[in-house]
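Here the protein sequences line up with chains E and B, keeping their order.
Residue numbers are given in my numbering: position 87 of the first sequence equals residue 87, and the series is strictly consecutive.
Residue numbers are given in my numbering: position 12 of the second sequence equals residue 125, and the series is strictly consecutive.
Glycine is no exception: its CB is placed at the ideal position from the N, C-alpha and C atoms.
To start, the structure under review is shown below, and the notes come after it.
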Amino acid sequence: DQQVKQNSPSLSVQEGRISILNCDYTNSMFDYFLWYKKYPAEGPTFLISISSIKDKNEDGRFTVFLNKSAKHLSLHIVPSQPGDSAVYFCAASGNTGGFKTIFGAGTRLFVKA
Amino acid sequence: GAVVSQHPSRVICKSGTSVKIECRSLDFQATTMFWYRQFPKQSLMLMATSNEGSKATYEQGVEKDKFLINHASLTLSTLTVTSAHPEDSSFYICSARSSGQGNSPLHFGNGTRLTVT
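Take a look at the structure:
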């Protein structure tokens, strides 16, 4: 049972344009959502998060949007840079789950120069 | 920033042998560490939660006798894959929180690529 889903395995974007990565979840008990970025041969690194009481969180070029009614969140990167090329994992956690973090399958982003 | 070190980064072993993977928090103490496994093009699957000074908590479907976890100190957790078989070949990665807050982000090691021949 995939509680966190990233339906797009890959995304290709031109440098300078916006990258939009999508994520859906099924467990309404999740109350915290995170995005991680992963380069090859490295562990994931935390990028940005959002609490379920908010619908938007912005940090520089990165903005995460949360639509609780649709159980959907998205990560916007603007402007996209070649260095943003990586695998992006959506993740969710919740108090009732003992704060276990559940990950999606990841989306590989290619930013073309 | 919080650093998690994982060793070895890559290991090849023969079927039937055991392999130990170490996970260390270098600049913070971690009462809890998390072990994940990733198959190609799939998500990070939580295997177990390692608790310092007590037994690990395993996720459904994960054999505790197969994947032995020891968390003997606040900075070290080990995962031992016992009697490894080719189907155990995978990418294993550990993580920990540097903050005691339950929803704080995880810090990951760089993972261990296990190949069982």
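Is any beta-carbon of chain B found at less than 9 Å from that of residue i?
i	result
E:Asp31	yes
E:Leu34	yes
E:Phe103	yes
E:Gly60	no
E:Ala41	yes
E:Thr45	yes
E:Pro9	yes
Using a beta-carbon distance below 9 Å, is residue i in contact with chain E?
i	result
B:Gly224	yes
B:Pro218	yes
B:Tyr205	no
B:Met158	yes
B:Thr191	no
B:Thr162	yes
B:Gln155	yes
B:Gln119	yes
B:Phe180	no
Quick one: what does DSSP say residue i is sitting in, helix, strand or coil?
i	result
B:Asp201	helix
E:Asp84	helix
B:Asn164	strand
B:Asn216	coil
B:Asn223	coil
How should residue i be labelled, buried or exposed, when 16 other C-beta atoms within 10 angstroms of its C-beta is the threshold for buried?
i	result
B:Val229	buried
B:His198	exposed
E:Pro44	buried
Let me make sure I understand the geometry here. Which of the options has the alpha-carbon closest to that of residue i?
i	options	result
B:Ala185	B:Ser156, B:Glu165, B:Phe204 and B:Glu172	B:Glu165
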